[in-house]
Every structure is written in structure tokens, then in C-alpha cells.
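The working numbering puts the first residue of the first sequence at 17, with every later residue one more than the last. Structure first, commentary second.
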Amino acid sequence: MSKQRYSVPRGTRDILPAESALWHRIEELFRRTVESFGYKEIRTPTFEEVGLFARSIGEDSDIVNKEMYVFQDRGGRTLALRPEGTASVVRAYIEHGLYVTQPFVKFYYITSLFRYERPQAGRFREHHQMGVEAIGSGSPYIDAEVIYLAYHFLDLVRIKEKTLYLNSVGCPICRPRYVEKLKEFLLPVRDKLCEDCQRRVIINPLRVLDCKRETCRELTAQVPPIYDYLCEECSEHFDKLKQLLGKLGVPFQLSPRLVRGLDYYTKTAFEIVSNRLGAQSSICGGGRYDGLVEELGGPPTPGVGMGMGLERVILALEEEIPLDEKLDVFLAFDDEALRDEAFLLLMKLREQGWKADMDYQHKSLKSQLRQANRLGAKYTLILKGNGQTVLRDMQSGVQEEISLEEVMKRLKQI
RNA sequence: GUGGGCGUGGCCUAGCGGCUAAGGCAUCAGGCUGUGGACCUGAGGAGCGCGGGUUCGAGUCCCGUCGCCCACCCCA
């Protein structure tokens with residue numbers, strides 16, 4: 017016991033069975049939901065060439081600059097643990113030539129992502145996201161589907177206190193026009209902005225709008241919203257999306273300052289926030305990335321997607337989600353001589369599909385019952401030898417002596 | 001990277017600078033019941049994150065260090 021003890025690396029955690037049942041349930045609900053929407057699972061590697069992320073997320077994004085887990089493998093390749101999900105999916109889409117064979121695909125994934133950040137409430141160095149990517153359609157209907165899907169899923173897990181923020185960040189045609197306007201507006205007051213924003217004015221003026229500092233907020237209060245500058249195509253797309261969400265009954269709030277942290281977004285950008293979460297309140301984020309496939313070496317191909325933080329979904333849960341972890345039968349006996357018989361019978365019960373278990377610590381009958389109780393067993397079957405047993409209903413405490421044969425018949429009916 | 005808070009058995013918590021560090025939960029054994037849950041009895045388990053300092057004496061004060069938490073930045 018005096019040996020070196022180890023603990024989880026900073027920002028990571030163990031999910032013990034007490035919690036994993038809930039995780040499992042949520043993942044299962046997600047799978048069922050997205051599959052009913054026609055999405056298929058894609059699994060991509062946990063690490064990729066750094067370049068993939070640098071190129072897609074943006075060279076001067078925070079994620080690339082200070083949050084990636086970058087390492088060299090023994091062959092001298094520079095790799096990174098994936099900090100987000102979209103880049104890998106798009107890479108796979110291109111790598112497998114899906115733009116030829118299945119130009120429109122709908123994928124989903126449930127996986128862990130890694131970012132080197134200082135942990136805090138709802139933020140981890142390894143976190144899990146459930147996400148979807150629909151690649152190959154520029155239709156606003158698919159944007160609406162993705163947003164509806166996310167919103168609907170959160171309804172399903174009974175997260176009611178949520179707000180959907182919606183924005184359009186334009187496209188390579190209209191965004192630069194707006195960015196120019198923004199610069200014109202911001203440059204004269206540049207020295208009044210916070211340090212970060214002074215840099216942002218040059219590198220990525222849109223981010224200034226997203227700054228949380230009071231002074232920056234005031235200074236940008238008069239900035240005209242991007243909507244006034246969207247090109248016709250973007251504007252129509254955005255209008256149609258808003259209209260569709262309205263028809264679907266998905267409430268949203270326009271948020272002209274919403275700029276997702278990743279460079280690749282075009283047109284639609286959205287975020288779903290829960291006020292039960294603390295500072296890191298965003299539980300889902302997503303948007304359209306019409307330039308990304310091309311940026312990563314594929315043909316011009318539009319795409320939309322979203323990612324939902326599993327840890328944050330769990331933190332935001334308002335109600336308990338019913339879990340079924342009960343054991344059907346616990347096998348007990350008070351004479352060690354019956355252990356072999358019990359062991360063989362146990363396997364037989366399991367073969368028949370029962371959730372069954374028994375004692376492996378060679379404990380007293382009393383302890384075995386205790387254990388059965390702890391495991392939430394519906395029944396405890398106490399072997400008496402000679403084919404005789406006692407079947408005890410753990411809920412009511414009612415028990416009866418019946419033959420093993422009778423038990424097997426009975427179990428079939430339960 | 002910056003700021004603040006905290007660090008006592010598996011978990012939660014008490015502990016004015018001074019008797020062998022206290023309690024609850026959990027665990028284990030037993031009783032009640034051949035056989036669980038409620039109840040009763042009993043048992044095991046920490047030398048107070050780590051290192052140093054002050055002091056006759058430190059879980060209690062000081063310094064450092066590590067870890068955790070929260071917040072900023074940013075994001076799921």
C-alpha cells in the first residue's frame with residue numbers, strides 16, 4: 017500500500033458503473049434518434065496528422081495554437097489527438113472518394129475529443145461529443161434538420177431549460193464585405209478595446225463581436241448586424257432556415273454576435289445553451305461549412321454539422337433518466353457443496369438470456385442475500401440440493417419451495 | 001497562461017497551538033429471521049496531500065510544492 021499511487025491525468029476522469037449506466041442510456045437514445053433521421057455511424061482515428069486540424073480549424077484559432085495535444089510518433093510523424101470531430105469526418109469523406117460514390121452522406125459519431133485547457137465546471141481535457149455531419153447538400157432544409165435533431169434530442173432527454181442561438185456568418189462573397197465594414201468601424205476605437213480584441217481587429221474582426229468584456233460590448237453595440245450585409249444567396253438561405261425552424265416549432269434567438277470558434281463555418285452558425293451549467297453553458301454547437309471539403313483537397317462540397325457535449329448534457333439534465341440495471345436472478349446456497357451445481361445452473365440461466373449472478377467470495381447465505389439485495393435482484397434462487405430450491409421474490413419477500421424443474425418453467429413465464 | 005478557494009479513513013464532515021484525531025455514510029461480522037432491505041451490537045480502516053520552517057509542542061501558524069475546484073481566455 018505504500019507504493020506509488022497514480023491518479024487520472026488532469027482534466028480526465030473515470031466513469032464508474034454508477035455513472036456509466038446513464039452514459040450508456042444517453043448514447044443509446046442519441047443513436048436511436050439520429051438513426052431514425054437516417055444518419056449512419058462513422059468512426060475515425062483518435063489521432064490525425066496535425067495539418068488536418070490546423071488547416072480546417074484555422075491556423076490562428078485558440079484550439080490550434082494552444083489547445084492541441086500534439087506529439088511525434090516513433091516514425092517522426094507529427095500527430096495530434098483530435099480536438100473536434102468535423103475535420104476527421106471530412107477527411108474520411110474525401111479520402112474514400114465518397115463525393116463520387118455517395119455525394120450526399122449523413123454521418124454521426126460518439127467519441128472523445130482532446131483539448132489542452134485548464135479544467136473547470138463542464139470543461140475537460142478529454143471530453144465526449146455526440147455529433148452529426150451531413151455532407152453534400154447546401155439546402156437550408158438540411159440545416160433545419162440538423163438543428164431540429166439537436167433540439168429534439170435535448171427535449172427527449174428532458175432538458176427544457178435551453179436556448180437556441182442562431183446566426184449566419186455569411187460566405188466568402190459577403191463576409192469579407194462585412195468584415196471590411198467592421199474594421200472601418202473598429203479601427204478608430206481600437207485602442208479602447210481589450211488587448212485580445214486589439215489583435216482580433218486585424219486577425220479576425222468578427223471575434224470582437226463575441227468578446228465578453230463590458231467595454232468591448234459597449235464599443236460594438238452600435239455595429240450594424242451582419243444581416244444587412246449578407247449576399248442574396250446567404251440571405252435567402254438564412255430566411256428559409258428561420259422559416260423552417262418556425263414551422264417545426266423550434267424556438268430560436270437571433271444572435272448576430274455568435275461567431276463559432278472554428279474558422280470553417282459559413283452561413284449558418286448555432287449554439288444551444290443551458291443555464292444550468294455555470295460558465296461553460298454551451299451544450300451544443302454547430303453550423304455550415306461549405307468551404308471545408310474543398311479546403312481539405314476535395315471538390316467544392318457543402319456540409320453542415322453539430323456537436324453536443326456529452327458531459328454537458330449530463331450536467332444539464334433536469335430529471336432522472338430511468339435506467340434498467342436490475343438483475344433478474346441471484347443464485348444462492350448455504351452449503352459450499354452446492355457451488356458447482358449453482359455455477360453450472362448460473363451459466364444455463366445466462367444462456368437463456370437472464371441477467372443472473374452469484375457469489376464469488378465464498379460468503380455466508382446471509383451475505384449472499386445482502387449482495388442480491390444490493391444488486392437489485394428481482395429474485396433470489398436458493399439451492400437446497402436434490403433439485404429442491406427456494407424462490408424468493410426480493411420485492412415482496414414472499415418465497416416458496418419449488419423444484420428446480422418448476423423454477424425453469426416459471427422463469428420462462430416471467 | 002492568469003486570478004481566487006480548498007486539500008483530515010473509500011465518501012462527507014468536526015477538530016480554541018497541547019490528552020492515544022471525533023462523528024455520519026459506506027464496508028465487514030453478528031443479532032433480529034434457516035434468508036437481504038429497517039433496527040440493534042461490534043469490528044477494521046486516517047496521523048491530517050507532500051517538503052521545509054516557527055514553537056517546549058502543529059491537522060491547527062508561515063513558506064514552498066503538488067493536486068483538486070471555480071473563474072478569466074476559449075469552447076462541447
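For each residue, glycine too, the CB sits at the ideal point set by N, CA and C.
Indicate whether T274 and I73 have their beta-carbon atoms separated by less than 7 Å.
Here the sequence assigns Leu to residue 274, which means Thr is not the residue at that position. In this structure, I73 does not lie closer than 7 Å to L274 by Cβ.
From R408, L38 and F63, residue whose alpha carbon lies closest to that of L385
R408
Does the separation of the CB atoms of C190 and L246 fall below 7 Å?
yes
Residues that DSSP places opposite G301 in a beta bridge:
E287 and G323
Roughly how many angstroms separate the alpha carbons of R215 and R390, rounded to a whole number?
59 Å
Mind checking which residues open and close the alpha helix (DSSP H) that includes A137?
That residue, A137, is in no alpha helix (DSSP H); it is neither H nor E in DSSP.
Where do the N-terminal and C-terminal ends of the alpha helix (DSSP H) with A160 fall, by residue?
P156 to L172
Under 8 Å Cβ to Cβ from R426, same chain only, skipping five residues before and after it: list those, please.
L407 and I418
G183, enclosing beta strand (DSSP E) - first and last residue
Correcting the residue identity first, residue 183 is Asn in this sequence and not Gly. First-last of the beta strand (DSSP E) with N183: K178 to S184.
Quick check for students: name the residue ranges of the beta strand (DSSP E) that lie wholly in the stretch 45 to 128, counting only runs of 3 or more.
63 to 65, 86 to 88 and 94 to 97
Give the range of the beta strand (DSSP E) segment to which R408 is assigned.
Q404 to D409
Where does F346 fall in DSSP's three states?
strand
Please state if the CB of I219 and the CB of D78 are separated by a distance shorter than 7 Å.
no
Quick check on D279: does DSSP put it in helix, strand or coil?
coil
Selected residue, minimal CA-CA separation from L343, among G186, L365, I151 and E336
L365
Among the candidates H144, E65, E422 and T94, whose CA atom is the shortest distance from the CA of D30?
H144
Leaving out five residues before and five after L170 in sequence, what residues of the same chain have Cβ atoms less than 6 Å from its Cβ?
K178
Helix, strand or coil for H253, going by three-state DSSP, please let me know.
helix
By how many angstroms is the C-alpha of R47 removed from the C-alpha of G54?
10 Å
With M374 and L347 assumed to form a contact (beta carbons below 8 Å), what rounded beta-carbon distance in angstroms separates them?
4 Å
Status (buried if at least 16 other CB within 10 Å, exposed otherwise) for T87
For the record, residue 87 in the displayed sequence is Phe; it is not Thr. Exposed, by the Cβ-count rule.
Which term fits T102, buried or exposed, when burial requires 16 or more other beta carbons within 10 angstroms of its beta carbon?
buried
Could you spell out the range, first to last residue, of the beta strand (DSSP E) harbouring I398?
Y395 to G401
Less than 7 Å between the C-beta atoms of L399 and A358, yes or no?
yes
Under a three-way DSSP split, which group does G27 fall into?
coil
F286 versus V105 - alpha carbon distance:
20 Å
Applying the 10 Å Cβ sphere with the 16-neighbour rule, what's the burial state of R26?
exposed
Report the three-state DSSP secondary structure of S153 (helix, strand or coil).
coil
Taking the continuous beta strand (DSSP E) assigned at I418, which residues delimit it?
Q415 to S419
Going by DSSP in three states, G147 sits in which element: helix, strand or coil?
strand
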